[in-house]
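**Student:**
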Amino acid sequence: MASPTSWEFYKEVKTKILWVNICAQDLEGLAISINKWWKTRYPEYKIRIVSKKEFELVKKLRNKEQ
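Residue numbers for the sequence shown follow my numbering, so the first one is 1027 and each next one is one higher.
1) Please say whether Ile1075 and Ile1058 have beta carbons closer to each other than 8 Å?
2) Which residue comes first and which comes last in the beta strand (DSSP E) that contains Lys1072?
3) Compare the Cα-Cα distances from Ile1043 to each of Lys1072, Lys1085 and Ile1060 and report the closest residue.
4) Measure the CB-CB distance between Trp1045 and Phe1081 and report whether it falls below 8 Å.
5) What does DSSP give as the partner residue(s) for Tyr1036 in the beta ladder?
Encoded structure:
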């Protein structure tokens, strides 16, 4: 199972989107862990797997809007 620090997420409540950045190089089991977490914790949200650059940009833009 993947450690909790191998990925990070940002929850966008208004649009119900979870932005996820995978920080680990070893992806074995990571996709299953993220999918299970998403389906059990945020089933009504859409999920977007993005690069670190895009992840930081989304967080920055959304925080400016608030």
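We treat Cβ as the ideally placed atom computed from N, Cα and C, and that holds for glycine.
**Tutor:** To lay it out plainly:
1) no
2) Lys1072 to Val1076
3) Lys1072
4) yes
5) Trp1045
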